[in-house]
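For the sequence shown, the residue numbers in the UniProt record's numbering are 1 to 333.
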Amino acid sequence: MRVVLGIESSCDETAAALVREDRTVLAQRIASQDEVHRPYGGVVPEIAARAHAERLAPLIAATLADAGMTLADVDAVAATAGPGLIGGVMVGLVSAKALAMASDKPLIAVNHLEGHALSPRLADASLAYPYLLLLVSGGHCQVLEVQGLGRYRRLATTIDDALGEAFDKTAKILGLGYPGGPAVEKLARDGDAKKVRLPRPLLGSEEPHFSFAGLKSAVMRAKQNQGDYSDADIAASFQQAALDCVIDRTRRAMAAAGDMTALVVAGGVAANQAIRAGLEKLAAEHDLPFVAPPLALCTDNAAMIGWAGMERLMSHDFAPDPLDIAARPRWPL
Ligand code: KG4
Ligand code: ZN
Numbered sequence: 001m002r003v004v005l006g007i008e009s010s011c012d013e014t015a016a017a018l019v020r021e022d023r024t025v026l027a028q029r030i031a032s033q034d035e036v037h038r039p040y041g042g043v044v045p046e047i048a049a050r051a052h053a054e055r056l057a058p059l060i061a062a063t064l065a066d067a068g069m070t071l072a073d074v075d076a077v078a079a080t081a082g083p084g085l086i087g088g089v090m091v092g093l094v095s096a097k098a099l100a101m102a103s104d105k106p107l108i109a110v111n112h113l114e115g116h117a118l119s120p121r122l123a124d125a126s127l128a129y130p131y132l133l134l135l136v137s138g139g140h141c142q143v144l145e146v147q148g149l150g151r152y153r154r155l156a157t158t159i160d161d162a163l164g165e166a167f168d169k170t171a172k173i174l175g176l177g178y179p180g181g182p183a184v185e186k187l188a189r190d191g192d193a194k195k196v197r198l199p200r201p202l203l204g205s206e207e208p209h210f211s212f213a214g215l216k217s218a219v220m221r222a223k224q225n226q227g228d229y230s231d232a233d234i235a236a237s238f239q240q241a242a243l244d245c246v247i248d249r250t251r252r253a254m255a256a257a258g259d260m261t262a263l264v265v266a267g268g269v270a271a272n273q274a275i276r277a278g279l280e281k282l283a284a285e286h287d288l289p290f291v292a293p294p295l296a297l298c299t300d301n302a303a304m305i306g307w308a309g310m311e312r313l314m315s316h317d318f319a320p321d322p323l324d325i326a327a328r329p330r331w332p333l
């Protein structure tokens with residue numbers, strides 16, 4: 001069976017994984033840079049790139065060792081080639097080029113968003129195309145028809161902030177530090193979602209898109225004018241408002257989409273239990289299966305990049321990417 005080495009370095013996770021065509025993840029390692037960026041309250045691109053450059057090679061070596069393999073056992077090298085912080089993307093992509101060249105194996109340049117989009121298929125072999133995907137991460141908030149490998153139709157995107165960004169900014173306003181999403185979710189459990197009145201931007205709009213900037217500003221005002229409510233109430237009210245928007249916008253997209261096999265969520269915010277539960281209910285209303293990858297596959301990881309590479313490698317018209325392919329800071333699916 002074929003094996004792909006996947007490499008991810010587009011944000012603040014340095015990651016490598018070995019993925020087999022039967023969907024077994026033979027080994028994977030992730031070095032998080034949370035500690036590196038925490039003092040700055042967010043990811044500093046230059047520092048991220050340097051950390052990737054220091055960590056990636058030993059991480060790949062350790063991942064191969066974990067699986068008892070060498071490069072000779074690998075059938076292709078796949079790396080994120082964008083979108084993302086360009087310094088980090090270049091570290092991963094150039095490393096992949098060097099490994100591919102040295103071992104005479106095909107190079108596969110993967111779109112990070114495609115990695116997220118196909119990650120549910122790594123976790124669930126029965127998930128068939130076409131499915132409706134809500135992709136919610138720190139940089140993106142989109143609804144896509146995933147019609148097949150390389151065939152994506154975008155139905156909605158955000159006109160300002162991404163959903164994860166709204167979580168991160170709320171965390172910053174509440175002094176919860178970085179990274180913010182999980183901290184907001186945790187604090188929200190102790191709060192009352194009805195205590196703070198917050199807007200639901202674009203709720204019910206005929207436009208298909210998302211918007212979270214107004215919600216974030218309202219959270220800021222709620223914190224500044226702190227009334228008879230706690231920070232936990234703000235977190236809970238924010239999460240509920242964000243969830244209401246997500247459900248409304250996804251419902252609108254479902255009406256516009258063709259026949260889909262499932263409603264699927266992916267990306268870092270898919271780790272949020274409230275968001276998962278809301279989407280599961282929405283899918284049930286439409287008699288659609290709901291698929292959410294395990295938490296470790298939701299946030300950035302290299303297994304999803306290896307799997308996207310594997311889907312490419314297994315496709316009938318596979319062609320390796322050229323060694324001069326460029327890293328791309330922006331790369332719409
Ligand atoms: O997919 P990801 O790891 O990186 C990007 O490609 O952006 O997503 C990271 C984002 C961050 O904004 C983080 O705060 C958010 O996902 N996130 C969460 C949770 N876990 C991660 N947001 C809400 N609740 C969570 N449990
Ligand atoms: Zn991501």
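Just so you know, even glycine gets a beta-carbon here, dropped at the ideal spot from N, CA and C.
Where residue i falls: helix, strand or coil (DSSP)
i, result
"S32", "strand"
"A242", "helix"
"V25", "strand"
"G82", "strand"
"V219", "helix"
"A327", "coil"
"R20", "strand"
"T170", "helix"
"A57", "helix"
"V196", "coil"
"V43", "coil"
"V184", "helix"
"A76", "strand"
Closer than 7 angstroms: residue i CB and nearest ligand 1 heavy atom
i, result
"P329", "no"
"N111", "no"
"T80", "no"
"F238", "no"
"C11", "yes"
"V184", "yes"
"P293", "no"
"P120", "no"
"G180", "yes"
"G92", "no"
In DSSP terms, what residue i is bridged to
i, result
"E8", "A15"
"E145", "L132 and R153"
"I275", "Its beta-bridge partners do not exist; DSSP assigns none."
"N111", "G82"
"A266", "L135"
"T158", "F210"
"F290", "L263"
"V3", "R20"
6 angstroms CB neighbourhood of residue i in its chain, flanking five on each side removed
i, result
"R276", "A292"
"R38", "Y178"
"N272", "E185"
"I325", "A109"
"residue 334", "Beyond the ends of the chain as shown, which are 1 and 333, falls residue 334; an answer cannot be given."
"L174", "D231"
"A188", "A235, A236 and Q239"
"G115", "M304, I305 and A308"
"D66", "A27"
Among the options, the one whose alpha carbon lies nearest that of residue i
i, options, result
"V3", "D73, G42 and G164", "D73"
"Y129", "V110, R151, H112 and A109", "R151"
"M1", "A266, A241, L313 and D321", "L313"
"F210", "D248, S230 and V219", "D248"
"T70", "L26, E54 and T157", "L26"
"S95", "L203, T261, P332 and I7", "I7"
"A270", "K223, A78 and F290", "F290"
"H140", "S9, R153 and A166", "A166"
"I60", "G88, A31 and A81", "A31"
"L144", "L295, V265 and F238", "V265"
"S126", "L279, G87, D22 and A235", "D22"
"I86", "L203, A255 and A53", "A53"
"A79", "W331, Q226, A327 and L295", "A327"
Contact set for residue i: own chain, Cβ-Cβ below 8 angstroms, skip 5 residues either direction
i, result
"L118", "V146, L149, M304, W307, A308 and E311"
"P199", "G214, L215, A218 and A241"
"L56", "I7, S9, T14, A16, V91, G92 and S95"
"G156", "Note that residue 156 corresponds to Ala in the displayed sequence, not to Gly. Taken in chain order, the residues that qualify are Q142, V143, P208, H209, F210, R249, R252 and A253."
"residue 380", "In this structure the chain extends from 1 to 333, so residue 380 is not present and cannot be described."
Proximity test, residue i beta-carbon vs ligand 2 heavy atom, cut-off 7 angstroms
i, result
"G227", "no"
"S137", "yes"
"residue 338", "With the chain running from 1 to 333 in the structure shown, residue 338 is simply not present."
"H116", "yes"
"G267", "yes"
"D300", "yes"
Contacting residues, own chain, Cβ-Cβ under 7 angstroms from residue i (five flanking each side not counted)
i, result
"D233", "G191, D192, K195 and V196"
"T63", "A16, A17, L18, A27, Q28 and R29"
"A183", "A171, L176 and G177"
"P320", "P106, L107 and I108"
"M101", "L323"
"T299", "G268 and A271"
"A162", "S137, G138, G139, H140 and C141"
"P201", "S211, F212, G214, L215 and C245"
Contact with chain B by residue i, beta-carbon distance below 8 angstroms
i, result
"G204", "Of the protein chains in the structure, only one exists, and it is not chain B."
Ligand 4 heavy atom lying under 7 angstroms from the CB of residue i
i, result
"E8", "Ligand 4 is not part of this structure, which contains only ligand 1 and ligand 2."
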